[in-house]
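With mature numbering (1 follows the signal peptide of the UniProt record, and there is no 0) applied, the sequence shown covers -15 to -1, 1 to 360. Ideal Cβ positions, reconstructed from N, Cα and C, are used throughout, including at glycine. Computed from a predicted model, the values in this text were never measured in an experiment. See structure below.
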Amino acid sequence: MWKLLSLVLIGVVSGDPVKAMYRNFYGVGTTDLIDLTKMRCLLEKHYEFVFLQLFKDGQGDEIGLKNLALTENSSLYTELYVIPDPSKPAAKQLNDIVAFGKKNNYEFNFLWFQITDPLRWNSLKEKNVIFINQFAAAAKAQGIELGYFTNWYDYKQITDNSQKIQSRDIFYWNTLGSGPSAETANNVNDFRPFGPFKGDPFAKQYGIDEEECGLKVTKNVHYGDAVPLLSRPNLEYFVYVTPDTKSSADQQAEDLLNFGYKHCAEFLLLFLEITDPLRWKTNKQKNVDFINEFVDASESRAMRVGFYTSWYDYKVITNNSNQTTNDILFYWNTLGAGPNAETASNINDFRPFGPFKDLPALKQYGKGQQNRLRQ
């Protein structure tokens, strides 16, 4: 029995694997001290990253560093930001950040640089542009990449929407005020290009001054590649494949293998999705043949295949065939969508069907919400 801090099901749709591996990641930002109980609470609420303050006004943030030490070995991603003092030399502040990290046995290769709160900045906007570029140059000299945390209004007020600053990853904020009632949509669909930032944003802060797990937090969302999840410590992951039954099973297995190589990911086990009968052929024997071809093609490439299905889907698609050879089953059983339609969070309701005579590996007992999986 696995003991999991977190468990993630990642989907790959054959024919467009790159698009399918992108999704929203939700996180919180806080300057409060996170203890183990609060971190577990965040994980239980399915948050996946934390936005932590590392440096402000020339001083290292000891609380931020303690939070980093706690979360770095969990399944939470960490994003670190610094709040500069524009009245002091940029290079000196960057050197102080590096020294603060080394003193505590940390090296930083990426930091978010905050361009907010116009009253903190010089009234001469050109000087602000110079300061930002000096800080970026100092960071580059130390092997640190910068991203910018700002929004269109702050950037205009502070830099006059300058194009003289190099475009980088941008983490923007957009709220209607403070508290949960002032949140904007928890996605990046409202981003509009400004200044040098013409591409897609990295993340968005959509809520501020909220409380979560006993912490004062901001609410954040990152739309990005799910593949890096595969390298996170203490995170158990499973990959499922939604096949295109009208295309070559062998080619789809090859494409999946190459997609993994491209992202430095090796899929040793994947689940073939046998659901949604309308996606499949009306000739059930042809469906059985396709399934077996996909299994053979995948396993010849050292990718073991399990099946994600239910007794009903399997019956409709294959006529409950025993011609498929498989000993790893991930089955689903819900009464509908949403929390009220969950079945028991155990596998006691499993009944053998098709070739599946032994106990299943996994069950999905809730749908239409954040994935909730239980072995």
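Length at least 3, wholly inside the stretch 306 to 341: the beta strand (DSSP E) runs in chain order: 314 to 317
Looking at C-alpha atoms only, which residue of 320, 289 and 324 is the closest neighbour of residue 334? Numbered from 1 along the sequence shown, position 349 holds the residue referred to as residue 334. That would be 320, whose Cα lies nearest to the Cα of residue 334.
Terminal residues of the continuous beta strand (DSSP E) containing residue 284? The residue you call residue 284 lines up with position 299 of the sequence shown. From DSSP, residue 284 is part of no beta strand (DSSP E) but of the alpha helix (DSSP H) over 269 to 284.
In three-state terms, what does DSSP make of residue 146? Position 161 of the sequence shown, counted from the start, is the residue given in the question as residue 146. Coil at residue 146, not helix or strand.
Rounded to whole angstroms, what is the Cα-Cα separation between residue 120 and residue 9? Within the sequence shown, numbered from 1, the residue matching residue 120 stands at position 135. Within the sequence shown, numbered from 1, the residue matching residue 9 stands at position 24. So the two alpha carbons sit approximately 30 Å from each other.
Inter-residue Cα distance where the pair is residue 95 and residue 125: For the purposes of this step, residue 95 is identified with residue 110 of the sequence shown, where counting begins at 1. For the purposes of this step, residue 125 is identified with residue 140 of the sequence shown, where counting begins at 1. In a straight line, the C-alpha of residue 95 is about 10 Å away from that of residue 125.
Does the distance from the C-beta atom of residue 380 to that of residue 107 stay below 9 Å? Residue 380 cannot be examined here, being either before or after the span of the chain that is shown, -15 to 360.
Checking the sheet assignment: what are the DSSP bridge partners for residue 290? Start at 1 with the first residue of the sequence shown, and residue 290 comes out as number 305. Beta-bridge pairing links residue 290 to 255.
Going by the CB atoms, is the gap between residue 202 and residue 255 shorter than 9 Å? Taking the sequence shown and counting its residues from 1, one reaches residue 255 at position 270. Taking the sequence shown and counting its residues from 1, one reaches residue 202 at position 217. No. Outside cutoff.
Inspect the beta-carbon positions of residue 93 and residue 82 and report whether they are closer than 9 Å. As a working mapping, residue 93 is identified with position 108 in the sequence shown. As a working mapping, residue 82 is identified with position 97 in the sequence shown. Taking 9 Å as the Cβ cut-off, residue 93 and residue 82 qualify as a contacting pair.
If we count the other Cβ atoms within 10 Å of its Cβ and call it buried at 16 or more, is residue 237 buried or exposed? The sequence position of residue 237 within the sequence shown is 252, counting from 1. Residue 237 is buried by the Cβ-count criterion.
Please report the distance separating the alpha-carbon of residue 286 from that of residue 274. Locating residue 286 in the sequence shown gives position 301, where the first residue counts as 1. Locating residue 274 in the sequence shown gives position 289, where the first residue counts as 1. Looking at the two C-alpha atoms, the distance is approximately 19 Å.
DSSP-derived helix/strand/coil call for residue 37: For this step, residue 37 is matched to residue 52 along the sequence shown. It is a strand residue.
Hey, out of 61, 352 and 165, whose CA is closest to residue 24's CA? The count along the sequence shown starts at 1 and reaches residue 24 at position 39. It is 61 whose Cα lies nearest to the Cα of residue 24.
Alpha carbon to alpha carbon, what distance is there between residue 179 and residue 188? For the purposes of this step, residue 188 is taken as the residue at position 203 of the sequence shown. For the purposes of this step, residue 179 is taken as the residue at position 194 of the sequence shown. Going by the C-alpha atoms only, they are around 15 Å apart.
What do you reckon, are the CB atoms on residue 190 and residue 14 nearer than 9 Å? As a first step, residue 190 is located in the sequence shown; it is residue number 205 there, counting from the start. As a first step, residue 14 is located in the sequence shown; it is residue number 29 there, counting from the start. Cβ distance < 9 Å, so residue 190 and residue 14 count as in contact.
Counting along the chain, where does the beta strand (DSSP E) carrying residue 348 start and finish? In the sequence shown, counting from the first residue as 1, residue 348 sits at position 363. Its beta strand (DSSP E) spans residues 347 to 349.
Tell me whether residue 359 sits in a helix, a strand or coil according to DSSP, three-state version. As a working note, residue 359 is residue 374 in the sequence shown. Because the pLDDT of residue 359 is 29, which lies under 50, any placement of that residue in the model is unreliable, and the number read from its coordinates should be weighed accordingly. If DSSP states are grouped into helix, strand and coil, residue 359 belongs with the strands.
So within the stretch 83 to 146, which uninterrupted beta strand (DSSP E) runs reach at least 3 residues, ignoring any that extend past its ends? 95 to 99 and 130 to 135
Work out the CA separation of residue 323 and residue 349 for me, nearest whole Å. If you number the sequence shown from 1, residue 349 lands on position 364. If you number the sequence shown from 1, residue 323 lands on position 338. Roughly 12 Å separates the two Cα atoms.
Quick one: is residue 337 buried, meaning 16 or more other Cβ sit within 10 Å of its Cβ, or exposed? Along the sequence shown, one-based indexing puts residue 337 at 352. Residue 337 should be labelled exposed.
Inter-residue Cα distance where the pair is residue 139 and residue 127: Position 154 of the sequence shown, counted from the first residue, corresponds to residue 139. Position 142 of the sequence shown, counted from the first residue, corresponds to residue 127. Their backbone Cα atoms lie some 27 Å apart in a straight line.
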